[in-house]
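Undergrad: Please see the structure below; I have some questions.
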Amino acid sequence: MVNILDRISWVLGKIATYMATIILVSVFFVISAGIICRFTSLRISWTEELARWGLISLTYVGASAALRNKQHVGVNFVVNALPAKIAKIVTGLAYIAVMVTVSYFFFNSLEAALKATRIRGDIIPLSLKYVKLLLPMSFFMMFFHLAWGLSTLFGAKSVDGKTIGL
Amino acid sequence: MGIIALVFVLAMAIGIPIAFVLGASSLYYFVFLGNIPLSMIGQKMFSGIDNYVLLAIPFFILAGELMNRSKITDALISFSNILVGRIPGALAQINIVASVFFAGITGSGVADTAALGSILIPAMEKEGYTPAYAAAVTVASSVIGPIIPPSVVMVIYSMATGESVGALFAAGYVPGLSIALVLMILAYYYAIKQKHPRRVEKIPMKQVILTLRESIIGLLCPVILIAGIFSGMFTPTEAAVVACLYAIIAGKYLLKTMKWKDVFESFRGAAVASAITLMVIAMANLFGQVLTLERIPSLVADVMLGITRNRFVFLMLVNLFLLFMGMIMDPGASVLILAPILLPIAISLGIQPLHFALVMIVNLNIGLITPPVGTCLYAAAPIAKLSIEKISKAVLPFVGVELIALMLLTYIPELTLFVPRLLGYIY
Numbered sequence: 000m001v002n003i004l005d006r007i008s009w010v011l012g013k014i015a016t017y018m019a020t021i022i023l024v025s026v027f028f029v030i031s032a033g034i035i036c037r038f039t040s041l042r043i044s045w046t047e048e049l050a051r052w053g054l055i056s057l058t059y060v061g062a063s064a065a066l067r068n069k070q071h072v073g074v075n076f077v078v079n080a081l082p083a084k085i086a087k088i089v090t091g092l093a094y095i096a097v098m099v100t101v102s103y104f105f106f107n108s109l110e111a112a113l114k115a116t117r118i119r120g121d122i123i124p125l126s127l128k129y130v131k132l133l134l135p136m137s138f139f140m141m142f143f144h145l146a147w148g149l150s151t152l153f154g155a156k157s158v159d160g161k162t163i164g165l
Numbered sequence: 000m001g002i003i004a005l006v007f008v009l010a011m012a013i014g015i016p017i018a019f020v021l022g023a024s025s026l027y028y029f030v031f032l033g034n035i036p037l038s039m040i041g042q043k044m045f046s047g048i049d050n051y052v053l054l055a056i057p058f059f060i061l062a063g064e065l066m067n068r069s070k071i072t073d074a075l076i077s078f079s080n081i082l083v084g085r086i087p088g089a090l091a092q093i094n095i096v097a098s099v100f101f102a103g104i105t106g107s108g109v110a111d112t113a114a115l116g117s118i119l120i121p122a123m124e125k126e127g128y129t130p131a132y133a134a135a136v137t138v139a140s141s142v143i144g145p146i147i148p149p150s151v152v153m154v155i156y157s158m159a160t161g162e163s164v165g166a167l168f169a170a171g172y173v174p175g176l177s178i179a180l181v182l183m184i185l186a187y188y189y190a191i192k193q194k195h196p197r198r199v200e201k202i203p204m205k206q207v208i209l210t211l212r213e214s215i216i217g218l219l220c221p222v223i224l225i226a227g228i229f230s231g232m233f234t235p236t237e238a239a240v241v242a243c244l245y246a247i248i249a250g251k252y253l254l255k256t257m258k259w260k261d262v263f264e265s266f267r268g269a270a271v272a273s274a275i276t277l278m279v280i281a282m283a284n285l286f287g288q289v290l291t292l293e294r295i296p297s298l299v300a301d302v303m304l305g306i307t308r309n310r311f312v313f314l315m316l317v318n319l320f321l322l323f324m325g326m327i328m329d330p331g332a333s334v335l336i337l338a339p340i341l342l343p344i345a346i347s348l349g350i351q352p353l354h355f356a357l358v359m360i361v362n363l364n365i366g367l368i369t370p371p372v373g374t375c376l377y378a379a380a381p382i383a384k385l386s387i388e389k390i391s392k393a394v395l396p397f398v399g400v401e402l403i404a405l406m407l408l409t410y411i412p413e414l415t416l417f418v419p420r421l422l423g424y425i426y
C-alpha cells in the first residue's frame, strides 16, 4: 500500500514538474509573441489573457510539485526543539491539518470550476472551466504527496530517496 | 479574530509551510466564523492571482537562473574583483559588490545567496575567513537583491497597493546602494581588525579588458531591463521576458556557456521556485479577504492613530512591528497583508507613499536574514556546512548596520525619493 502511494506521489510529482515547466515555456512564448506583434503593428489581443491563465495554472501545478520536493518555506525551529517522539506526533498533526485544508480547497475549487462552464474568457472564447479545473487537479496531487509524507513518518522510504511533505 | 490569530500562530509553530498557514487560517474563518458561502474560496483562489503584473515574478526568477547557468555570475565576480579586490577584506568586498550587480539581474535574495554563496563561501574559506563570517557576508549582502531592481517583492507591493512598478524600481537604487555601502564599511572594519587578506598584485590590462568583455554581457541585462521599463517601451512583465530572452541568447550564442538542456533546466527550476512565491501570494490574498471582512485595517488605523499622530513616531512603530513580522513571515506575504492596512495611515499622516513603500520593503527584506524564517540563512547553511544558529550569530553585526541604513532611509525621505523625482515619477 505504502509502495503504491509512493509510486503515485512520485509520478504525480514528475507530471506536475513537467506541466509547470511547459506552462512557463508557453507563457514565455506568448508574451514574446505579444511584444513582437506590438512592434510590428500586428494586433493580437489574446496574449495577455492567455498569459494570465498560464500564471494561475503555474501557481497551483508548480506548488504541488514543490510540495513533493519539500520546497515550501515554513518555521521548523519549534518542531526541531521538541523530543523526537513528540516532534513526530506534531508533524503528523501538521500533515493532517494541511490534508484537511487541501481537501476543502479541492472541493471548493472543483465547485467553482464546474460553475464556470458557461463563463468564457474576455477575449478568448474558451470556457473558464478548463483553466479552473487545474486548481482541483493540483490540490488532488497535493493530497497524495501529503498522504505519502504522512506515511514516511512511520518509516516508509521514498523511491527517489526524498523526504516528502512539509 | 483572536481565534484566527491563535490558529495562525499554532499552524506556524507546528511547521506548516507559510502558504498553507495562510490558507488554513482563512479556511478556518470561512468554515466556522464567517457568514460567507464557501464557494467564494474557490473563486478567490482564482481571482487573487489573476494579475498580469504578477507574471513578472517567474521571469525575474528565470532571468537569474539563466544568468547563473550561463556562468555570467562568475564574470560578475571577476569584474567585482577588479573594482574592489585591493580593498582590505577583498573577498568580502567582492561578495557585496557582486551582490549589487546580481541584484540588477534577479529580484530575489535567496537566488543571490545560492548563486554567489556557492562560489564565494568556499573561496573565502580557502583564504582564511571563518566559514561563519563567509556565510554571514553572503546572506547579509543578499538583502540587496530584492531592493535594487528588478524586485519580486516590489511587484507584489505594486499589486497590493496600485503603486507604479517603475516608480518603486526607481526608488530602490539608493536604498540598495546604501545597504551595500554600510556592509562594505563593516567588512573593512573586520578586515583591519582580523587581518583579512586583500589582492596585492595588479591585474594586467589585457586581463582587465578580457574580464570587462565577459562581464559586460551580464551588466547589460539590467540596463536593458530598466531602460525598457523607464522608457515605457515595455511593461515590467515584458521587460522580464526580454531579459530572459537576452540571457538565453547571451549564454547560448555569445558566451557559448549554455546548452539547450541548461535552458530547459532553468525553466524547470524557475517554474517550481516561482510557484512557491505565487502560492504564498494566492493564499495571502485569501487571508487578506478575512482581514477586510473583520475590518482589521480600520481597527489597526484607530489603534495606531490613538497611540500617535506624529509621523516620526509612527514610522518608528511601523519599523519595530515590521522587523518582528519579517522574522516570522515571508516578505511577499507580509507586503500583501500589511501594505493595504498601513499605507492609508501613512498617507493620512503626510508620509510620501513611495517613501513608505521603500521603508516597508527594506525592513521586511532584512527579515530574510533573521531567524526563524530567514530564507537566506536556510540557503547558506548547506553551502557553508554550518547550522542556522551559527550563521545567525555571525550575521548579527551586519543586521545591525543594515538597521542603521534603514533608519537613515526612514528619516531622510529624499534618499529614497531622489531618483523617482529625477525620473519624473513624483514631483
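Those sequence lines, one after another, are chains A and B. For what it's worth, numbering that gives the first Met the number 0 labels the leading residue of the first sequence as 0, then goes sequentially. For what it's worth, numbering that gives the first Met the number 0 labels the leading residue of the second sequence as 0, then goes sequentially. Here a beta-carbon is modelled for each residue, glycine too, at the ideal position from N, C-alpha and C.
1) My parser needs the alpha helix (DSSP H) runs of 4 or more residues fully inside the region 81–148 of chain B; what are they?
2) Once DSSP output is grouped into helix, strand and coil, what is the label at Ser-126/A?
3) Interface residues of chain A around Glu-237/B at Cβ under 8 Å?
4) Measure the alpha-carbon distance for Val-77/A versus Ala-300/B and round it to whole angstroms.
5) Are there three or more Cβ pairs, one per stretch, closer than 8 Å when the region 141–148 of chain B is compared with the region 169–185 of chain B?
6) Looking at chain A, which residues of the region 22–54 of chain B have a Cβ within less than 8 Å of any of its Cβ atoms?
7) Check the Cβ-Cβ distances between Val-10/A and every residue of chain B, and say whether any is below 8 Å.
8) Between the region 113–120 of chain B and the region 129–141 of chain B, do at least 3 Cβ pairs fall closer than 8 Å?
9) At which residues does the alpha helix (DSSP H) containing Asn-107/A begin and terminate?
10) Comparing C-alpha positions only, which one of Ala-190/B, Ala-246/B and Met-39/B sits nearest to Gly-217/B?
11) Do you know how far the Cα of Thr-415/B is from the Cα of Ile-163/A?
12) For the alpha helix (DSSP H) that contains Asn-284/B, what are its first and last residues?
13) Can you name, in chain order, every residue of its own chain whose Cβ lies under 7 Å from the Cβ of Glu-126/B, other than the five neighbours on each side?
14) Given that Pro-57/B touches chain A, what residues does it touch there, using C-beta distances under 8 Å?
15) Within 10 angstroms of the Cβ of Val-222/B, are there 16 or more other Cβ atoms? Answer buried if so, exposed if not.
16) To the nearest angstrom, how far is it from the Cα of Pro-190/B to the Cα of Gly-88/B?
17) Counting only beta-carbon separations shorter than 8 Å, does Arg-42/A have a partner in chain B?
18) Between Ala-19/A and Arg-67/A, which are expected to be in contact by the criterion C-beta below 8 Å, what is the C-beta distance as a whole number of angstroms?
19) Along the chain, where does the alpha helix (DSSP H) that runs through Ser-40/A open and close?
20) Tell me which residues share the same chain as Met-158/B and place their Cβ nearer than 7 Å to its Cβ, disregarding the 5 neighbours each side in the sequence.
21) Over what stretch of residues does the alpha helix (DSSP H) that includes Gln-206/B continue unbroken?
22) With 16 other CB atoms within 10 Å as the buried threshold, where does Leu-421/B fall?
23) Identify the contact partners of Gly-331/B in chain A, using a Cβ-Cβ distance below 7 Å as the criterion.
24) Give the secondary structure of Gly-164/A by DSSP, where H, G and I count as helix, E and B as strand, and everything else as coil.
25) Determine the contact status of Leu-134/A and Phe-45/B, defining contact as a CB-CB distance below 8 Å.
26) So that I know if they touch, is there some Cβ in chain A lying closer than 8 Å to that of Ala-18/B?
27) Ala-10/B touches chain A at which residues, Cβ-Cβ below 7 Å?
28) Just to confirm the assignment, what range does the alpha helix (DSSP H) spanning Arg-51/A have?
29) Looking at the unbroken alpha helix (DSSP H) that takes in Val-361/B, where does it start and where does it end?
30) Kindly say whether Phe-266/B, judged by its beta-carbon, lies nearer than 8 Å to any beta-carbon of chain A.
31) Looking at the structure shown, is Arg-68/B part of a helix, part of a strand, or coil, going by DSSP?
32) Please check if any C-beta of chain A sits within less than 8 Å of the C-beta of Val-289/B.
33) Using a 10 Å radius around the Cβ and a threshold of 16 neighbouring Cβ atoms, would you call Gly-160/A buried or exposed?
34) State the Cα-Cα distance for the pair Pro-352/B and Phe-101/B, rounded to the nearest angstrom.
35) State the Cα-Cα distance for the pair Tyr-27/B and Ile-3/A, rounded to the nearest angstrom.
36) List, in chain order, every chain A residue whose beta-carbon is nearer than 8 Å to that of Pro-145/B.
TA: Based on what the coordinates show:
1) 89–102, 108–125 and 130–141
2) strand
3) Ile-30, Gly-33 and Ile-34
4) 32 Å
5) yes
6) Gly-22, Ala-23, Leu-26, Val-30, Leu-37, Ser-38, Ile-40, Gly-41, Gln-42, Met-44, Phe-45, Ile-48, Asp-49, Asn-50, Tyr-51, Leu-53 and Leu-54
7) no
8) yes
9) 83–114
10) Ala-246/B
11) Low confidence applies to Ile-163/A: its pLDDT is 39, below 50, so where it sits in the model is not reliable, and the reading given next is rough at best. Their Cα atoms are separated by approximately 43 Å.
12) 259–292
13) Leu-90 and Pro-196
14) Leu-23, Val-26, Leu-54 and Leu-57
15) exposed
16) In the sequence as displayed, the identity of residue 190/B is Ala instead of Pro. Their backbone Cα atoms lie some 5 Å apart in a straight line.
17) no
18) So it is not a contact: roughly 11 Å between Cβ atoms.
19) Taken as a continuous stretch (DSSP letters only), Ser-40/A belongs to no alpha helix (DSSP H), as it is neither H nor E.
20) Asn-50, Val-52 and Leu-53
21) 204–229
22) exposed
23) Within chain A, no residue comes near Gly-331/B; the closest Cβ sits about 10 Å away, beyond 7 Å.
24) The pLDDT assigned to Gly-164/A is 41, lower than 50, so where the model puts this residue is not dependable, and the model offers no usable value.
25) yes
26) yes
27) Ala-96
28) 46–67
29) 352–365
30) yes
31) helix
32) no
33) Model confidence at Gly-160/A stands at a pLDDT of 49, short of 50, so the residue's coordinates are unreliable; what they give is reported in the following sentence. The residue in question, Gly-160/A, is exposed, as its Cβ has fewer than 16 Cβ neighbours within 10 Å.
34) 27 Å
35) 32 Å
36) Going along chain A, no residue has its Cβ under 8 Å from Pro-145/B, so there is no contact; the nearest lies around 15 Å.
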